[in-house]
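Below: the structure, in structure tokens.
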Amino acid sequence: MEKIEHIGIAVKNLDKSNQLFASLLGKSHYKTEEVSSEGVKTSFFQSGPNKIELLEATSPESPIAKFIEKKGEGVHHIAFAVNNIESEIKRLQKEGFVVLNETPKKGADNKLVAFLHPKSTNGVLVELCQEID
Ligand code: ZN
Numbered sequence: 109m110e111k112i113e114h115i116g117i118a119v120k121n122l123d124k125s126n127q128l129f130a131s132l133l134g135k136s137h138y139k140t141e142e143v144s145s146e147g148v149k150t151s152f153f154q155s156g157p158n159k160i161e162l163l164e165a166t167s168p169e170s171p172i173a174k175f176i177e178k179k180g181e182g183v184h185h186i187a188f189a190v191n192n193i194e195s196e197i198k199r200l201q202k203e204g205f206v207v208l209n210e211t212p213k214k215g216a217d218n219k220l221v222a223f224l225h226p227k228s229t230n231g232v233l234v235e236l237c238q239e240i241d
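In the numbering used here, the protein residues as written are 109 to 241.
In structure tokens form, the structure reads like this:
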């Protein structure tokens with residue numbers, strides 16, 4: 109793992125939260141992106157070397173909709189940058205972590221991503237992400 113790439117935050121209303129986080133961070137988001145396979149609309153803020161990803165559900169079946177239903181708005185996942193996602197997945201499986209996506213999938217922000225099940229990581233949904241060149 110290289111560094112914390114971003115922190116994902118589940119929100120009910122992306123427009124409102126974009127304003128809130130712009131006030132908080134003192135700058136606007138630099139992009140929005142819809143990931144239809146995940147049923148989410150996202151926006152990204154830069155904060156020093158790290159990013160904040162806001163996630164709004166675009167359908168009631170979206171994992172974000174279900175998360176908010178259960179837990180309310182808040183921190184949804186922590187994403188770590190990795191150089192080689194396939195070898196990192198294998199390493200973590202060997203360590204006993206439950207990998208939800210054995211084959212990495214295309215995520216937001218031009219990344220290949222895979223998630224670890226929170227039951228194997230003290231309740232924290234962990235995302236691995238590798239920049240696609
Ligand atoms: Zn993320």
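Cβ coordinates follow ideal geometry from the N, Cα and C atoms, glycine included. Source: prediction; values computed, not measured.
Which one of the options has the shortest CA to CA distance from residue i?
i, options, result
"residue 177", "120, 129, 134", "120"
"residue 184", "128, 127, 231, 135", "231"
"residue 203", "191, 229, 190", "229"
"residue 149", "155, 128, 161", "161"
"residue 201", "225, 179, 213, 180", "225"
If you draw a straight line from the C-alpha of residue i to the C-alpha of residue j, how long is it?
i, j, result
"residue 211", "residue 196", "12 Å"
"residue 159", "residue 199", "25 Å"
"residue 227", "residue 115", "19 Å"
"residue 234", "residue 110", "14 Å"
"residue 136", "residue 125", "11 Å"
"residue 127", "residue 180", "19 Å"
"residue 213", "residue 170", "16 Å"
"residue 157", "residue 174", "30 Å"
"residue 144", "residue 131", "28 Å"
For my contact list, residue i and residue j are in at a C-beta cut-off of 8 Å; report their separation, rounded to the angstrom.
i, j, result
"residue 220", "residue 164", "Rounded, the Cβ-Cβ distance is 22 Å, inconsistent with contact."
"residue 209", "residue 223", "6 Å"
"residue 207", "residue 238", "Not a contact, Cβ separation roughly 14 Å."
Is the Cβ-Cβ distance between residue i and residue j less than 8 Å?
i, j, result
"residue 182", "residue 117", "yes"
"residue 217", "residue 146", "no"
"residue 112", "residue 186", "yes"
"residue 129", "residue 139", "no"
"residue 236", "residue 172", "no"
"residue 133", "residue 167", "no"
So is the beta-carbon of residue i under 7 Å away from any non-hydrogen atom of the ligand MG?
i, result
"residue 222", "As far as ligands go, the structure on display features the ligand ZN and does not contain the ligand MG."
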